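Report on the following structure.
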Amino acid sequence: MSGVVSFNWRGAWAIYNQELSRAWRTFFQTILSPVLTTSLYFIVFGAAIGGRINEVDGISYAAFIVPGLLILTLLSETTTNASFGIYMPRFTGSIYELLSAPVGVAETLIGFVGAAATKSLIISAIIMVTARFFVDYSLAHPILAVGIIMLVAAAFALFGFILGIWADGFERLQIIPLLVLTPLTFLGGTFYSIDMLPELWRSIALVNPIVYLVNGLRWCFYGKSDVSIGVSLGLTALFLAVCIGIVAWIFRTGWKLRS
Amino acid sequence: MESILEIQGLTKTYPGGLTALDAVDLDVRRGEIFALLGPNGAGKTTLIGAVCGMVRPTGGSIRAFGLDMARDWRRARARIGLVPQELGFDILESVERSVRFSRGLAGLAPDPRKIESILRSLSLWDKRDAQIRMLSGGMKRRMLIAKALAHDPELIFLDEPTAGVDVELRRDMWRLIGGLREQGTTIILTTHYIEEAEEMADRVGVIDKGRILLVEDKDTLMARMGSKEAVFTLSEPLHALPPDLPGLSLSLGEAGRSLCYRGSGADADGELAELVQALVARGIRFSALDIHESTLEDIFVDLVENGG
Ligand SMILES: Nc1ncnc2c1ncn2[C@@H]1O[C@H](COP(=O)(O)OP(=O)(O)OP(=O)(O)O)[C@@H](O)[C@H]1O
Ligand SMILES: [Mg+2]
């Protein structure tokens, strides 16, 4: 007889494991796509355009865009991975197994979000190694950088999880990353310092939450950024907390999961 | 006998306003095979969903193993297995991994020997490394059963386990389900094949439009409600019923060429024997005798049409 009383560790581990093995099946896609995208960005922005922009904030342009690129790929990969992770069982009908198993919110989240975040950490490492082939960047606060990457990965894995539950079709699944995340990321100071913008646009940019993520990570790399690291960390944590709140509500009400 | 599942006043109204379960009371005993019969849309799957966690009840209470499912769902669910009506898999997963996942989800330590024996008993062992998408329809159904058995449940729900399965495989499944019962597993199954309930069930429940119409021992039900009809094709037409035949329910057919007897319950066999002897004694000769015994199917159709 199982000893499941308050927390089902084996259940959480089973979900986590299954999700990672799903990624393993598409190993080359998982690994190759970030390597390819990162390389392309470096060739276009780093080499072609960077040749004309010398430095931003005293950092070479190619090095300047590394943290932004990291966030760019991190957000889209994490969100997509996590949203597919929970959407697929809903789509195929295998969700019945999760709903009838002795697993609750915590186990489900640790499994799905943990796996999505793990994949993101691996992808981040790959991006950083790939970037190294193009540019000699430095990393001023490595531990804090890992911390921010983990925080962002967890937050957007949760965000993706919510999307995957909300979506009623593949189209809806793609629409938020495509229409919201990507534009916000591009406008979020990935490839430029928002100090380079005219005053009006600068103020508008400050409303974009992704500015704070990019700048938080940039600060970890080079010790300087457009906004303070404290604000960055605080906002990321806030976003994480909001996502946790929404997920808890989803489970309590069974929204879109239980009929 | 000890109850393993106690459902009281269970009601489910779907968001659209449809009441799929209407104050259902049901007790299932430990160790029995309970067959839930009902037409399409009766509420069978909704009932199973409410117990297992896919459906949020609007009212009522469910206790399994004496545990309140609303509070102690974690402990209770670890002891319940579910074979859903619809196929639903991660079709790219391998057979063995998929069953291993189910066991882990229930919170149990891996047990390769256990999984091997489950897969062997369902003739899936040879396919253990195959992806689920490569299985035939019947194999996929058995796969659902394998997943439901992975954690040795004490109570197992089978929602139309033999839908779309050929005769031979259906017999195999009956054997498997019989075997589970031998080991002490309680089984609740829904089916559209009445012969399945007739063959296997200890007790039968009939549900229609979200209401339980009756719950009864299968044998009692068949004896009480089962009727016997015997039609004698007469050699010489009769103009009237012989006046001195014992008080049986008899009628004459077209032009007095046949005699029809109707009886029900446990007495019918004796009455029929009596009738045959009486006919012979009176020199009323017949050239054929056609006996029809009602099945669960007849009882069921009757119940549903007449609303119990
Ligand atoms: N998710 C849902 N939302 C709204 N109505 C539903 C939902 N699921 C089932 N119903 C309705 O509830 C009623 C009972 O459905 P249910 O699936 O429980 O029937 P059933 O007895 O299992 O039928 P079948 O023998 O066809 O499987 C039906 O009228 C059905 O349309
Ligand atoms: Mg059904």
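Each protein sequence line maps, in turn, to chains A and B.
FYI, the numbering for the first sequence is 1 to 259, going by the working numbering.
FYI, the numbering for the second sequence is 1 to 308, going by the working numbering.
For each residue, glycine too, the CB sits at the ideal point set by N, CA and C.
The structure displayed is predicted, hence computed values, not measured ones.
If you draw a straight line from the C-alpha of L221(B) to the C-alpha of G38(B), how long is it?
Roughly 16 Å separates the two Cα atoms.
If you drop the 5 nearest sequence neighbours on each side, which residues of the same chain put their C-beta closer than 6 Å to that of A68(B)?
The sequence given here places Asp at residue 68(B); Ala does not occur at that position. Within the same chain, no residue comes within 6 Å of D68(B) by CB-CB distance, once the 5 residues on both sides are set aside.
If you pair each beta-carbon of the segment 94-108 of chain B with each one of the segment 150-163 of chain B, do three or more pairs fall below 8 Å?
Yes, since at least three Cβ pairs between the segment 94-108 of chain B and the segment 150-163 of chain B fall closer than 8 Å, the two stretches touch.
Bridge partners for Q8(B) per DSSP, in chain order?
The secondary-structure analysis by DSSP pairs Q8(B) across a beta bridge with S61(B).
Name the chain A residues that come within less than 8 Å of V309(B), Cβ to Cβ?
Nothing can be reported for residue 309(B), as the shown portion of chain B is limited to 1 through 308.
T190(B) vs E216(B) beta-carbon contact at 7 Å
Cβ distance not < 7 Å, so T190(B) and E216(B) don't count as in contact.
Check: T92(A) C-beta below 6 Å from any heavy atom of ligand 1
Annotation for T92(A) indicates a beta carbon at 6 Å or more from all heavy atoms of ligand 1.
Residues around ligand 2, please: the ones whose beta-carbon is closer than 7 Å to some heavy atom of it, in chain order.
Here the list is K44(B), T45(B), Q85(B), D159(B), E160(B) and T190(B).
Nearer than 6 Å: is that true of the beta carbon of A42(B) relative to any heavy atom of ligand 1?
For ligand 1, at least one heavy atom lies less than 6 Å from the Cβ of A42(B).
Comparing the C-beta of S94(A) with each C-beta of chain B, is any distance below 7 Å?
Yes, its Cβ sits closer than 7 Å to a Cβ of chain B.
If you measure between the beta carbons of N8(A) and P102(A), is that distance less than 7 Å?
Closer than 7 Å, so yes.
Under 6 Å: does the beta carbon of A197(B) sit that close to some heavy atom of ligand 3?
Absence of ligand 3 from the depicted structure is noted, with ligand 1 and ligand 2 being the only ligands included.
Is P259(A) near ligand 1, with its Cβ less than 6 Å from a heavy atom?
It is worth fixing the name first, because residue 259(A) is Ser in this sequence and not Pro. Answer for S259(A): yes, Cβ within range of ligand 1.
Roughly how many whole angstroms lie between the Cα atoms of I194(B) and K44(B)?
About 15 Å.
Rounded straight-line distance, which links the Cα of G226(B) to that of G308(B)
Confidence in G308(B) is poor, its pLDDT being 49 and thus under 50, which makes the residue's placement too unreliable to answer from.
DSSP state of K256(A), grouped into three classes?
The answer is coil: DSSP assigns K256(A) none of H, G, I, E or B.
Would you say the beta carbon of L317(B) is closer than 6 Å to some non-hydrogen atom of ligand 1?
This structure cannot speak to residue 317(B), because chain B is shown only from 1 to 308.
K12(B) versus I207(B) - alpha carbon distance:
If you take the alpha carbons of K12(B) and I207(B), they lie about 14 Å apart.
Check whether the Cβ of A78(B) lies closer than 7 Å to any Cβ atom in chain A.
So, interface residue.
Provide the residue(s) that pair with I80(B) in DSSP beta bridges, ordered along the chain.
In the DSSP output, where bridge partners are listed per residue, I80(B) has L155(B).
Please work out which residues of its chain come closer than 8 Å, Cβ to Cβ, to G46(A), disregarding the five sequence neighbours upstream and downstream, and give them in chain order.
These residues qualify, in order along the chain: Y61, A62, I65, F134 and V135.
Anything in chain B within Cβ reach of Q29(A), meaning under 8 Å, just list it in chain order.
None at all; the shortest Cβ gap to chain B is about 13 Å.
Name the one or two DSSP bridge partners that L248(B) has.
Checking the DSSP bridge columns, you'll see L248(B) has no partner listed.
Using a 10 Å radius around the Cβ and a threshold of 16 neighbouring Cβ atoms, would you call G53(B) buried or exposed?
Classification for G53(B): buried.
Give the DSSP-derived three-state secondary structure of Y16(A) in the structure shown.
When DSSP states are grouped into helix, strand and coil, Y16(A) belongs to the helix group.
What is the residue span of the beta strand (DSSP E) that R203(B) lies within?
Counting along the chain, the beta strand (DSSP E) containing R203(B) begins and ends at R203 to D208.
By DSSP's criteria, S100(A) is part of a beta bridge. Which residues make up the other side?
DSSP output for S100(A) lists no bridge partner at all.
Within the present structure, is the beta-carbon of Y14(B) separated from the nearest heavy atom of ligand 1 by less than 6 Å?
Yes, the Cβ of Y14(B) comes within 6 Å of a heavy atom of ligand 1.
Mind checking whether the beta-carbon of G169(A) lies closer than 6 Å to any heavy atom of ligand 1?
Result no, Cβ not under 6 Å from ligand 1.
The beta strand (DSSP E) with E229(B) in it runs from where to where?
First-last of the beta strand (DSSP E) with E229(B): S227 to L234.
Within the same chain, show all residues whose beta-carbon is closer than 6 Å to that of A115(A), passing over the 5 residues directly before and after it, in chain order.
Hits under 6 Å: Y16, E19 and L20.
Simplified DSSP state of S2(A), which is helix, strand or coil
The predicted model places S2(A) with a pLDDT of 43, which falls under 50 and marks its position as unreliable; any figure quoted below should be read in that light. In this structure, S2(A) counts as coil in the three-state DSSP scheme.
Tell me, please, whether the CB atom of G68(A) is closer than 7 Å to any CB atom in chain B?
For G68(A), not one C-beta of chain B is nearer than 7 Å to its own C-beta.
Proximity test, Cβ basis, 7 Å: G114(A) and chain B:
Taking Cβ atoms only, chain B never reaches closer than 7 Å to G114(A), which makes this a no.
Which of the three DSSP states is assigned to D302(B) in this structure?
Under the three-state reduction of DSSP output, D302(B) falls in the helix class.
Consider the Cβ of Q18(A): report whether some Cβ of chain B lies at a distance smaller than 7 Å.
Output row for Q18(A): interface = yes.
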